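Okay, so the sequence shown: first residue is 11 according to the working numbering, each after it adds one. C-beta atoms are modelled at their ideal positions from N, C-alpha and C, and glycine is treated no differently. Being a predicted model, the structure only gives us computed values, none of them experimental.
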Amino acid sequence: MSSERSTLITARPPGLVDVLDRILDKGLVIAGDIKVSLANVELLTLQIRLLVCSIDKAEQIGLNWWRYDTNLTTRAERAEAENVELRERLSELELEIRKLATAGVAAANREQNQLANSGRGGRKAKARRRNP
């Protein structure tokens with residue numbers, strides 16, 4: 011009777027746990043396209059790609075995006091802090107560039123004024139020398 015019982019146990023269809031174990035071990039890919047058209051004018055296209063597998067299997071096939079997703083990793087806080095720091099530094103540099111540009115324009119204006127004034131003063135002195 012024990013051999014009869016073992017035959018019945020192995021002959022039964024796999025359960026949900028067996029199916030999930032096999033899917034996670036081997037992987038399952040579901041792909042499909044849905045297109046919505048009206049009068050031969052395509053209004054909407056949905057491309058669906060679904061991969062169901064274990065993390066180990068995903069790494070074997072070269073998928074590891076979750077390691078770098080800032081919403082999923084513990085590095086997210088560090089990355090966010092670094093982003094804030096970089097934004098602040100960028101703002102400081104932009105402000106410094108604006109100040110330098112303003113100072114450069116002011117210096118150029120002063121130089122032009124000095125050249126113009128020196129040219130006028132030289133002409134007046136020459137005119138005075140000619141007409142005593």
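* Relative to the alpha-carbon of G37, which residue among E106, S101, T112, L60 has its alpha-carbon at the smallest distance? -> Here the closest residue by C-alpha is L60.
* Asked: Okay, do the region 89 to 96 and the region 51 to 67 touch, 3+ Cβ pairs below 8 angstroms being the bar?
  -> Proximity of the region 89 to 96 to the region 51 to 67 falls short of the contact definition, fewer than three beta-carbon pairs being nearer than 8 angstroms.
* Asked: Along the chain, where does the beta strand (DSSP E) that runs through A41 open and close?
  -> Unbroken beta strand (DSSP E) run through A41: 38 to 48.
* **The alpha helix (DSSP H) enclosing T58, as first and last residue numbers** => One point to set straight first is that residue 58 is Ile, not Thr, in the sequence displayed. That residue, I58, is in no alpha helix (DSSP H); its beta strand (DSSP E) goes 51 to 62.
* Determine the direct distance from the alpha carbon of L96 to that of N112, and round the result to whole angstroms. => Correcting the residue identity first, residue 112 is Thr in this sequence and not Asn. The straight-line gap separating the alpha-carbon atoms of T112 and L96 is approximately 24 angstroms.
* Kindly indicate which three-state DSSP category D35 falls into: helix, strand or coil? => In the structure shown, D35 sits in a helix (DSSP, three-state: H, G or I).
* Helix, strand or coil at L125 according to DSSP, with G and I counted as helix -> If DSSP states are grouped into helix, strand and coil, L125 belongs with the helices.
* To do: Rounded to whole angstroms, what's the CA-CA distance from I107 to V51? Just pull it up for me.
  => Spanning the alpha carbons of I107 and V51 requires a straight line of approximately 51 angstroms.
* Rounded C-alpha distance that separates A68 from W75 -> Within the model, the alpha-carbon separation for A68 versus W75 is close to 10 angstroms.
* C-alpha distance - I71 paired with R77, whole-angstrom precision -> Per the coordinates, the alpha-carbon of I71 lies some 15 angstroms from the alpha-carbon of R77.
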